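Have a look at the structure below before the remarks.
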Amino acid sequence: MVSHGREKQDNATGKSKKTSGKTARKKKSKDSNADPTYDDDIRDMDLPDDFSIAGTSMVSSEFGGSNFGGEEDDLFEGGDDDNDVDNTKDPSNRAEYAAQARQAKLLDALSLSSTLTSEKRATKREGGYRVLFKAITQYASGSAGQDILQSRWSGLLESCLYSIRGGGSNSTPAEQYAACRVLEASAVILGEDHDEIVLELNDALKKVINATGRATQVRIAALRCLSMVHFICGTHGLEEGEDVVSVLELCEKLCGEKYRGEKVSPSLRASALDCWSLLSSTLPDVKVAGGASDDEFSTISLGRGLELLSLLASCLESTDVGLRSSAGECVTLIHECRLNLGLDDDDAENATERRFRRGENRAMILEN
545 MVSHGREKQD NATGKSKKTS GKTARKKKSK DSNADPTYDD DIRDMDLPDD
595 FSIAGTSMVS SEFGGSNFGG EEDDLFEGGD DDNDVDNTKD PSNRAEYAAQ
645 ARQAKLLDAL SLSSTLTSEK RATKREGGYR VLFKAITQYA SGSAGQDILQ
695 SRWSGLLESC LYSIRGGGSN STPAEQYAAC RVLEASAVIL GEDHDEIVLE
745 LNDALKKVIN ATGRATQVRI AALRCLSMVH FICGTHGLEE GEDVVSVLEL
795 CEKLCGEKYR GEKVSPSLRA SALDCWSLLS STLPDVKVAG GASDDEFSTI
845 SLGRGLELLS LLASCLESTD VGLRSSAGEC VTLIHECRLN LGLDDDDAEN
895 ATERRFRRGE NRAMILEN
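Take the sequence shown: its letters are residues 545 to 912, numbered as in our numbering.
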């Protein structure tokens, strides 16, 4: 009887375990269908506020450690480029030899980008992006460096977008952050008048920024990258929705306390204000600080900065130092634009509130 009772108990337990396993499989299947490009465990991981591509990833160490500093980093051993030049060479040509050494190291690093999409380990990809960031920021100098980067841009872009979009469903926040920083640095090197680059990155980066489940530092990196791409590479020829105004509108939404029903972290709000200040500098002063006209035939609307003043006032009362600092810089920018609209050269040294408010009248004059 005792044995039979135990057997019955074991059978019941086994049945319970079997049912539990079946439920787990169903749950796993349901989760994979919900978002095939971003795992829940990875989504819950966030990066520290002081996370940097130049430092060691705290998150990647949990996945087995980053390869940054490993065999890929051998590309940068040897210190300064001048030390890599053979001392027996003609001293007058040392600068040329050093430039050739930099170009060779840049090419070696960029060759890694072609292997990242086939690499299965997220930490290995992260290490590759760290090497790429270091190479682009240190060795892609001058027109030669720009040409080299331009020639390898398609492969680099493909790899970065692969990781930003999920990297085969195992992409980590540290990897996505690093990929965004590589694209940001590349935009600076590639330079102006590249609307095609803006169009290639617009949708992918906006999706990351809008994804409230992504790590905060990844969203910040994506927003910084998007802003830099528009600031450096974009022109005024982009269509509505793809232009710099669309990014300004996104920044204005992100700097509020909530976005898409979710609370926005102070660090993301501060970054949104920083990006807003950067991109607003590309607009005419009247678009930033112009006052609305009472004339029904006037086409001048209230400046974007003036519409933000109430929000900026609340940010200045925040307990977060970074958010207060970013809000203060925005107020300064708006004030300068207002002064530019209302000051004459002869009285610019003594800016009073009366002359500050004269910006509204000057904006009306500029319309005619």
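All C-beta atoms, glycine included, are put in the ideal place defined by N, C-alpha and C. All values reported here derive from a predicted model rather than from experimental measurement.
- Roughly how many whole angstroms lie between the Cα atoms of I708 and Q720? 5 Å
Should N746 be labelled buried (16 or more other beta-carbon atoms within 10 Å of its own) or exposed? buried
Cβ atoms of A814 and L798: under 8 Å apart, would you say?
no
Helix, strand or coil for K664? Go by DSSP, reduced to three states.
In the displayed model, K664 falls within coil according to three-state DSSP, outside both helix and strand.
Buried or exposed by the 16-neighbour rule on C-beta atoms within 10 Å, applied to S771: Classification of S771: buried, given that the 10 Å Cβ count is 16 or more.
Residues bridged to E740 by DSSP? According to DSSP, E740 shares a beta bridge with no other residue.
(request) Output the distance between the C-alpha atoms of A598 and G835, rounded to the nearest integer angstrom. (result) A598 and G835: Cα-Cα distance of roughly 44 Å.
### Message
Taking its Cβ as the centre, do 16 or more other Cβ atoms sit within 10 Å of P592, making it buried, or is it exposed?
### Response
exposed
- Work out the CA separation of E640 and I753 for me, nearest whole Å. 43 Å
Quiz item: What is the rounded straight-line gap between the Cα of I733 and the Cα of A648?
Solution: 17 Å
For this session: From the DSSP output, read off the bridge partner residues of E806.
Result: Y803
task = Would you tell me roughly how many angstroms separate the C-alpha atoms of D829 and D691, rounded to the nearest one?
result = 35 Å
Query raised in the report: Cα separation between E880 and L727?
Result: Cα to Cα, E880 sits roughly 31 Å from L727.
*Counting only the same chain and skipping the five closest in sequence on each side, list residues whose C-beta sits under 7 Å from that of L651.*
I692
Apart from the five residues just before and just after L822, which ones in its own chain have a Cβ nearer than 7 Å to its Cβ?
-> S771 and F775
>> Using 8 Å for Cβ pairs, my map puts G757 next to P810. What's the rounded Cβ distance?
In response: That belief does not hold up - the Cβ atoms of G757 and P810 are roughly 18 Å apart, past 8 Å.
Rounded separation between Q682 and S845 - CA only: 44 Å
Do you know how far the Cα of L883 is from the Cα of Y673?
-> 44 Å
Determine, using beta carbons only, whether V788 and T826 come nearer to each other than 8 Å. Against a cut-off of 8 Å, the Cβ pair of T826 and V788 comes out as a contact.
Among the candidates V832, C777, L850 and P717, whose CA atom is the shortest distance from the CA of Q694? C777
Exercise for the section: Leaving aside the five residues before and after L660 along the sequence, list all residues of the same chain whose C-beta is less than 6 Å from its C-beta, in chain order. Expected result: R669, G672 and S703
Q) Do you know whose CA, among W697, A666, Y706 and E801, lies nearest T716's CA? A) A666
Just to confirm before moving on: does the CB-CB distance between R819 and L852 stay below 8 Å?
What sits at residue 819 in the sequence shown is Cys, not Arg. Result no, Cβ atoms of C819 and L852 do not sit closer than 8 Å.
Spatial neighbours of Q761 in its chain, beta-carbon cut-off 6 Å, leaving aside the 5 residues before and after: These residues qualify, in order along the chain: L591, F595 and Y721.
Practice task
Apply the 10 Å Cβ neighbour rule to G805 and answer buried if 16 or more other Cβ atoms are within range, or exposed otherwise.
Solution key: exposed
Report buried or exposed for G849, applying the criterion of at least 16 other Cβ atoms within 10 angstroms of its Cβ. The residue is buried, with at least 16 neighbouring Cβ atoms inside 10 Å.
Buried versus exposed call for E736 [16 or more other C-beta atoms within 10 Å across all chains shown]:
exposed
**Asked** Skipping 5 residues on each side, what residues in its chain have a beta carbon closer than 8 Å to that of E786?
**Response** V742, L743 and N746
| Straight-line CA distance for S662 to A755? | 25 Å
Contacts around A871, its chain only, beta-carbon distance under 7 Å, and the 5 residues preceding and following it disregarded = L817, L856, C859 and L860
Shortest alpha-carbon distance to K507 belongs to which of R763, H738 and L656? This structure does not reach residue 507, given that the chain is present from 545 up to 912, and the question cannot be answered.
With A688 and A653 assumed to form a contact (beta carbons below 8 Å), what rounded beta-carbon distance in angstroms separates them? Going by Cβ atoms, the distance from A688 to A653 rounds to 15 Å, so no, they are not a contact pair.
Alpha helix (DSSP H) runs contained entirely in the region 834-879, provided each spans 4 or more residues: 848-859
message: I need the straight-line Cα distance from L705 to A718, nearest angstrom please.
response: 14 Å
- What is the residue span of the alpha helix (DSSP H) that A731 lies within? P717 to L734
Closest to N521 by CA distance: which of K664, Q644 and D739 is it? As displayed, the chain neither begins before 545 nor continues past 912, which places residue 521 out of reach and without an answer.
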